[in-house]
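Following: one structure in structure tokens, then a few remarks.
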Amino acid sequence: MKLKHLFYIKAIIFLTLIGCGGTETPKTANSGIKLRLSADSSAVELFNIPLNITEELRADSLGSEQWKDFFAVYEEIADKEMRDFQPAIDGSYNVTDSLVEFIPAGGFTKGKAYFSRCYTKDLLEEPEDIISKRDLSPTGGFLEFTFKIK
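Position in the sequence shown (first residue = 1) + 7 = the numbering used here.
Given below as structure tokens:
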């Protein structure tokens, strides 16, 4: 009789420990942050950015190349294998509340297709995680938006 109770006690402890184990939802490159074309089709907008990140972007004086490493717009080309090797379009970046806006220097051309990318993977990591792995992956996850100007 005592062995039978011991079995139930072990089973209850085991099930309790299994039930207490939480699962963490993995953060993905597009968790909340999205890309869209502005209402007048003159700019690409990166929106739903956490407030602490937009405050940092506003406080930093990023150069053109640094902005392109974070958020860039490219002309779409027919050769899909070469699209990763073309230069980003030059333009200006404006940061507001939870929005970063890219305005191309020469404007978008009607009838042309474009795509934009935001390299967000490292934005969603905790600073402790970045420090512990001692690496900022340049080939990490990115968010992509393809559009055509009509």
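Built from N, CA and C at the ideal position, the CB exists for glycine as well. Please read all numbers here as calculations on a predicted model, not as lab measurements.
Inter-residue CB distance, residue i and residue j (contact presumed, cutoff 8 angstroms)
i	j	result
isoleucine 40	threonine 103	Isoleucine 40 to threonine 103, Cβ: 15 angstroms. No contact.
leucine 42	leucine 150	6 angstroms
threonine 61	serine 123	Not really, about 18 angstroms apart at Cβ, beyond 8 angstroms.
alanine 50	isoleucine 110	5 angstroms
aspartate 97	serine 71	7 angstroms
Which of helix, strand or coil DSSP assigns to residue i
i	result
asparagine 55	coil
tyrosine 15	helix
serine 105	coil
lysine 87	helix
phenylalanine 77	helix
serine 48	coil
alanine 95	coil
alanine 120	strand
Cα-Cα separation, residue i to residue j
i	j	result
lysine 155	proline 57	28 angstroms
phenylalanine 158	phenylalanine 21	This structure leaves residue 158 out entirely; the chain is present only between 8 and 157.
leucine 44	alanine 18	57 angstroms
serine 7	lysine 157	Lying outside 8 to 157, the shown extent of the chain, residue 7 is not represented and no answer is given.
isoleucine 25	glycine 148	32 angstroms
threonine 153	serine 48	13 angstroms
methionine 89	threonine 23	54 angstroms
aspartate 67	valine 107	13 angstroms
tyrosine 15	arginine 65	60 angstroms
tryptophan 74	asparagine 101	11 angstroms
Reference residue i, options the options, closest by Cα
i	options	result
tyrosine 121	Tyr100, Lys87, Gly148, Val107	Lys87
alanine 95	Glu63, Ser48, Asp76	Asp76
lysine 119	Glu108, Ile84, Cys125, Asn101	Ile84
Task: the segment 80-98 in contact with the segment 111-122 per 3-pair CB rule at 8 angstroms - done: yes
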